[in-house]
Structures are given as structure tokens and as C-alpha cells.
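Numbering (the UniProt record's numbering), first residue to last: 1 to 366.
Where is the CB? At the ideal position from N, CA and C, for every residue including glycine.
A short worksheet on the structure shown next.
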């Protein structure tokens, strides 16, 4: 393979995408394939500083939380079938899941939270039945510190549930807030300490940390500025405290590569656990299933050939972290703008397409 050529093509695609979109102020990309000897990282945009600049990874954080539960399952500490009422306090559980006059709270299981089949609301994306959306509260009250419990109570008071547990799919940041609280109950430790002890330290992810906490080693680069539309919210206390077990991690493309490689190589979890996380899923979008913190991009006849199949996770700020088996490639990055979740995934698939064409040429020449 002409490694330099494919890198140039991807870099041109990356810069063109950012240059023509005035909403993207900084963007990051890492492409790595040991099979084809590809490894490069890029940064572009008016505010990008360095390719290894830390950024909020948004809902990619959910895969970290899911991995922690996978570890607990393997250690026999809990079960995916456990009811969440076994772990959460009464004030959190009271009135948590009412649907059409029935209380389903005691039927919600850990697995329902992990794969978004609980029927619970999404405090971040759903429209409240009263009051302002949570995004407006973040912007209106930048100095407000939200606790996870406060977020849950706000969601209970202002949002409606969607269906009984296990009877549908609805993406839910509320569910991952609850999972963070369950982790703290199981371990007796703050979420960020469990994250560091079980994942960040073993993988030497030195520049990764939980929101408002410090990394194992300070990065020489400041955190990339994060935007909600035209408002920069990187240092808003309301934003930093709002994100928890479903979106509160800051990382770099290099550290995320370490994490994803460890999953693919079964160094964090057994193969059986990974397959369970990928297979027990619901439909997120056409062509994307959502398992336990895992997005699976799957074959759709005519629309999505099998060669694009990949797995990992993505976030609403245009973050993406996927392993693409057909090219043995890890495609990781961020467009770092609120509301760019689908754009990030589509861009990742464009890169996969470039790699597929390049590897096909290489195999013909071999």
C-alpha cells in the first residue's frame, strides 16, 4: 500500500470537511492499522493546538462505564439481570419509572440501562413536559454545580418515560447516570476512582481523566474548546458537572487508541463478555445497533455492505471511536461540536471507505 498516498487523501478529506463547516472550531483524527502499517494523527481547525490535545469524548464514555460492569460480571460482583432496586437508594427509586399509571421501577435491570431498553427518559436530549430543556439550563446557569442525584430528580420531575422495561429502545443519558451511581454503590468509591483504578492506570492512559478531576499526567496541551452551537462551554461548571458516567471523560486520540485496542485484543474483558455486550442490543438508527455501551455498524442490503461493519461508540459532539475489522483499522476522532453525532459517524465511514479502496489496491498488487 502507498501509505503516504492514503494518508494524504484522508488528511485532505479531513481538512476539507472542517474548512467548509464554520461550526467546527477544532477537530482531531487518529487512524491506525497494524496490518497495513498505517498510523497517523491529525488536528485541524482555527483553534486546534496539537493532534494529542485532550477533548471531551462525550458518549464514548458510555463504553467505559459498560466495561466496568463487564469486569464486575466477570468477577461475580453483580449480574446483568440484577434489578437496579438492589443498589439504588429509595429517594432515587421513588417515582423513577411510571408509565401509563403503572410503576415499573422494580422491573428495571442493569442490562436495560446498558442497552437503552429501560424506557427511561434522556435528560439531555428529550423535550421536558415542563420548564426549559437541560441544555438551556446549562447555558443560563454556567456556575451551577449539578450532582448526579440532582440530575435524576430533575429528570423525574420534568420528563416522561417511553415504555415498560425491555419493550423498546430509547437512548437514555438518565440510564447511564444511574449506572454511575450503581458503580459507586457496588465499590464504595467515587466513579472517577473506579475508572482510574480499573481502566486508566492499567492501560497507562496518562492524559485521560474524568470531568473536574486531574489526569495521571498533565497534558502539555489545554483541553480543546467545546461548543454548544455558538457558545463555548468548556469551563462552564454546569456543563462539567452535568456529564457523569455517560459523558464525562476527557481523553486524547492516542489514549482512546490504547483503550479500543485493549478491547479488541481482550485485555480488559474476556471474549465472551465482549460478544455479550455487542449482541444484546436494540436498534439505534438504521444500520446501527446499540448493545451494552457498544455501537455496532451492521450490514444493510444495498445501503450498507458488510465491508463497512465496525464497532465502538460515538458521541453527540461528533466524537467517534471504532474498530473496522476489514482493514484492521482503528478510526478515532472528534468534530467537537454539539449536535454533530451523526456527522461524526458518517465521517468515520468515509475514512473507512478510503482505507478499503487503498487496501484493495494493495492486495491486487501483492
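| Touching by the beta-carbon criterion (3+ pairs, under 8 Å), the region 130 to 143 and the region 181 to 199 | no
| DSSP on residue 154, reduced to helix/strand/coil? | Indexing the chain shown from 1 puts residue 154 at position 154. DSSP places residue 154 in helix when its eight states are reduced to three.
| task | Might you give, ordered along the chain, the residues of its own chain that have their beta carbon closer than 8 Å to the beta carbon of residue 81, omitting 5 neighbours on each side? | result | Counted from its first residue, the chain shown places residue 81 at position 81. Only 109, 110, 111 meet the Cβ criterion.
| said: Mapping the DSSP letters down to three states, classify residue 70 as helix, strand or coil. | reply: Walking along the chain shown from the start, residue 70 turns up at place 70. Reduced to three states, the DSSP call for residue 70 is helix.
| Between the C-alpha atoms of residue 364 and residue 287, what's the straight-line distance to the nearest angstrom? | Your numbering for residue 364 matches position 364 in the chain shown. Your numbering for residue 287 matches position 287 in the chain shown. Any answer about residue 364 is weak, because its pLDDT of 44 lies below 50 and its placement is not dependable; what the coordinates show is given next. Approximately 29 Å between the Cα atoms of the pair.
| field | Opening and closing residue of the alpha helix (DSSP H) in which residue 171 lies | value | Numbered from 1 along the chain shown, position 171 holds the residue referred to as residue 171. Taken as a continuous stretch (DSSP letters only), residue 171 belongs to no alpha helix (DSSP H), as it is neither H nor E.
| In whole angstroms, what separates the C-alpha of residue 94 from that of residue 107? | Mapped onto the chain shown, residue 94 falls at position 94. Mapped onto the chain shown, residue 107 falls at position 107. The straight-line gap from Cα to Cα measures roughly 13 Å.
| Taking the alpha carbon of residue 122 as the point to measure from, which residue in 169, 101, 236, 142 has its own alpha carbon closest? | In the chain shown, residue 122 corresponds to position 122, counting from 1. Measuring from the Cα of residue 122, the nearest candidate turns out to be 169.
| Three-state secondary structure (DSSP) at residue 314? | Position 314 of the chain shown, counted from the start, is the residue given in the question as residue 314. Note: residue 314 maps to strand in three-state DSSP.
| Mapping DSSP to helix, strand and coil, what is residue 232? | Numbered from its first residue, the chain shown carries residue 232 at position 232. Here residue 232 sits in strand by DSSP.
| query | Is residue 159 closer than 7 Å to residue 128 when the C-beta atoms are compared? | reply | Against the chain shown, residue 128 aligns to sequence position 128. Against the chain shown, residue 159 aligns to sequence position 159. Yes, Cβ-Cβ distance for residue 128 and residue 159 is below 7 Å.
| field | Residues bridged to residue 83 [DSSP beta-bridge criterion] | value | On the chain shown, position 83 is the one that residue 83 refers to. Looking at the DSSP assignment, residue 83 forms a beta bridge with 109.
| query | If you count every other CB in all the chains shown that lies within 10 Å of the CB of residue 346, and 16 or more means buried, which is it? | reply | Residue 346 sits at position 346 when you count from the first residue of the chain shown. Exposed: under 16 other Cβ atoms inside 10 Å.
| Relative to the C-alpha of residue 320, which residue among 327, 331, 175 is closest? | On the chain shown, residue 320 is found 320 positions in, with the first residue counted as 1. When only C-alpha atoms are compared, the closest one is 331.
| said: Going by DSSP, what residue range makes up the alpha helix (DSSP H) through residue 254? | reply: Looking up residue 254 in the chain shown gives position 254. 253 to 264 is the extent of the alpha helix (DSSP H) around residue 254.
| message | Can you check whether the C-beta of residue 277 is within less than 7 Å of a C-beta belonging to chain B? | response | You won't find chain B in this structure, because it holds only one protein chain.
| task | Just the C-alpha distance for residue 172 and residue 279, rounded to the nearest angstrom, thanks. | result | Taking the first residue of the chain shown as 1, we reach residue 172 at position 172. Taking the first residue of the chain shown as 1, we reach residue 279 at position 279. C-alpha separation (whole angstroms): 19 Å.
| query | Is the distance from the Cβ of residue 92 to the Cβ of residue 186 below 7 Å? | reply | The count along the chain shown starts at 1 and reaches residue 92 at position 92. The count along the chain shown starts at 1 and reaches residue 186 at position 186. No, these two residues do not count as a Cβ contact at 7 Å.
| query | Whole alpha helix (DSSP H) runs in the region 190 to 220 with 4 or more residues, listed along the chain? | reply | 191 to 195
| What are the start and end residues of each continuous beta strand (DSSP E) run of 3 or more residues lying completely inside the region 262 to 306, in chain order? | 282 to 285, 288 to 290, 295 to 297
| request: Grab me the residues of residue 199's own chain with a C-beta within less than 8 Å of its C-beta, minus the 5 sequence neighbours each way, in chain order. | output: Here residue 199 is taken as the residue at index 199 of the chain shown, counted from 1. Cβ neighbours of residue 199 within its own chain (closer than 8 Å, five residues either side excluded): 64, 67, 68, 205, 259, 268.
| With 16 as the cutoff for other CB atoms within 10 Å, does residue 266 come out buried or exposed? | Locating residue 266 in the chain shown gives position 266, counting from the first residue. That one is exposed.
| request: Leaving out five residues on either side along the sequence, give the residues of the same chain with a beta carbon under 8 Å from the beta carbon of residue 53. | output: In the chain shown, residue 53 corresponds to position 53, counting from 1. Contacts found: 26, 28, 43, 219, 221, 222, 223, 224, 252.
| message | If you measure between the beta carbons of residue 340 and residue 246, is that distance less than 7 Å? | response | For the purposes of this step, residue 340 is taken as the residue at position 340 of the chain shown. For the purposes of this step, residue 246 is taken as the residue at position 246 of the chain shown. The answer is no: Cβ separation not under 7 Å.
| task | Kindly list the residues whose CB is nearer than 6 Å to the CB of residue 284, restricted to its own chain and excluding five residues on each side of it in sequence; keep chain order. | result | Within the chain shown, the letter at position 284 stands for residue 284. Same-chain partners within the cutoff: 290.
| Collapsed DSSP secondary structure at residue 159 in the structure displayed | Taking the first residue of the chain shown as 1, we reach residue 159 at position 159. Residue 159: coil per DSSP, three-state reduction.
| said: Output needed for residue 79: all residues of its chain with C-beta closer than 8 Å, excluding positions within five of it in sequence on either side, in chain order. | reply: Within the chain shown, the letter at position 79 stands for residue 79. Only 73, 110 meet the Cβ criterion.
| query | What distance in whole Å lies between the Cβ atoms of residue 157 and residue 226, which are believed to be in contact at a cut-off of 8 Å? | reply | For the purposes of this step, residue 226 is identified with residue 226 of the chain shown, where counting begins at 1. For the purposes of this step, residue 157 is identified with residue 157 of the chain shown, where counting begins at 1. Not a contact, Cβ separation roughly 27 Å.
| field | For residue 338, the first and last residue of its enclosing alpha helix (DSSP H) | value | The count along the chain shown starts at 1 and reaches residue 338 at position 338. Here residue 338 belongs to no alpha helix (DSSP H), and DSSP marks it neither H nor E.
| request: Reducing DSSP to helix, strand and coil, say where residue 365 ends up. | output: Along the chain shown, one-based indexing puts residue 365 at 365. Reliability fails at residue 365, whose pLDDT of 43 lies under 50, so the model's placement of it is uncertain and the value that follows must be treated cautiously. Residue 365 sits in a helix when the DSSP states are folded into three classes.
| said: By the three-class DSSP mapping on this structure, what secondary structure does residue 27 have? | reply: The residue given as residue 27 occupies position 27 in the chain shown. Strand.
| request: On a CA-only basis, which of 271, 117, 126, 325 is nearest residue 155? Give me that one, please. | output: Here residue 155 refers to the residue found at position 155 of the chain shown. Ranking the options by Cα distance to residue 155, first place goes to 126.
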